[in-house]
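One structure is given here, and the rest of the page talks about it.
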Amino acid sequence: MFIGESRKIVETEIFSKLRNFVTYENSFYYYLVALAVSAQAQSIVGKWQLSDHKTCFQAEMKESETEKELTPAMSSTSMTSVARVMNLDAKGGGEEGIFSTGKKKATSKTTFRYSATDAEFLILDKKSRLVTQRWVIDELTASSLKIHDAAKDCETKTFTKVP
2 MFIGESRKIV ETEIFSKLRN FVTYENSFYY YLVALAVSAQ AQSIVGKWQL
52 SDHKTCFQAE MKESETEKEL TPAMSSTSMT SVARVMNLDA KGGGEEGIFS
102 TGKKKATSKT TFRYSATDAE FLILDKKSRL VTQRWVIDEL TASSLKIHDA
152 AKDCETKTFT KVP
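Take the sequence shown: its letter number 100 is residue 101 in our numbering, and every next letter is one higher.
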């Protein structure tokens, strides 16, 4: 065997192993991308109930021991129960209203347009379609949606999907 032939054999083996490594590595990256896309591919369309809303003021305030003790007791004895519900359709329209116990229709009902990507949820003006509110999507699963205001990280809203 000549020196040139052995060099070609070694080069061929190296390129073969490199090609297999690159193919394996690419398939691994494709798998990770597909996994990330499927995790974010949850639909925002549907009926969402606001379960937690924190303003910047509430996020910065610390609860005292007395408040921590009284909060569960006060919430369990409340007479009226209300729910803020946001309904989003597939065509980019939405409505938000407040539902009280025993009432079929919402009060303070407002309609709006929206646009959603994997990272942002935009509230649009109905006529001009200009962005009026911009929210960053922190988490979107089949049963929950967590967003925060793009201008203020401290203002968060958490929604639960209503079946």
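Heads up, the beta-carbon is just placed ideally off N, CA and C, and yes, glycines get one too.
Item	Value
Can you tell me the Cβ-Cβ gap for S145 and T157, rounded? I've got them flagged as a contact below 8 Å.	Going by Cβ atoms, the distance from S145 to T157 rounds to 12 Å, so no, they are not a contact pair.
With 8 Å as the threshold, decide whether the Cβ of T118 is near any Cβ in chain C.	Given the protein chain composition of this structure (a single chain), no chain C is represented.
Mind listing, in chain order, the continuous beta strand (DSSP E) runs of no fewer than 3 residues lying wholly within the stretch 86-157?	94-101, 108-117, 121-125, 132-141, 145-150
Helix, strand or coil: how does DSSP classify T161 here?	strand
Does the Cβ of L1 have 16 or more other Cβ atoms within 10 Å, making it buried, or fewer, making it exposed?	Any property of residue 1 remains undetermined from this structure, which presents the chain solely from 2 to 164.
Within a Cβ cutoff of 7 Å, which residues of the same chain sit near S109, ignoring the five residues on either side of it in sequence?	G98, I99
Can you list, in chain order, the residues of its chain with a C-beta nearer than 6 Å to that of K147? Leave out the 5 residues immediately preceding and following it.	D139, E140, T159
Just to confirm, are F122 and W136 a CB contact at a threshold of 8 Å?	yes
With Q50 as the anchor, note down where its beta strand (DSSP E) starts and where it stops.	47-55
Name the residue from R85, D53, Q43 whose alpha carbon lies nearest to the alpha carbon of H149.	D53
Do you know offhand how far T118's Cα is from S44's?	10 Å
Quick check: what's the CA-CA separation for M87 versus W49?	5 Å
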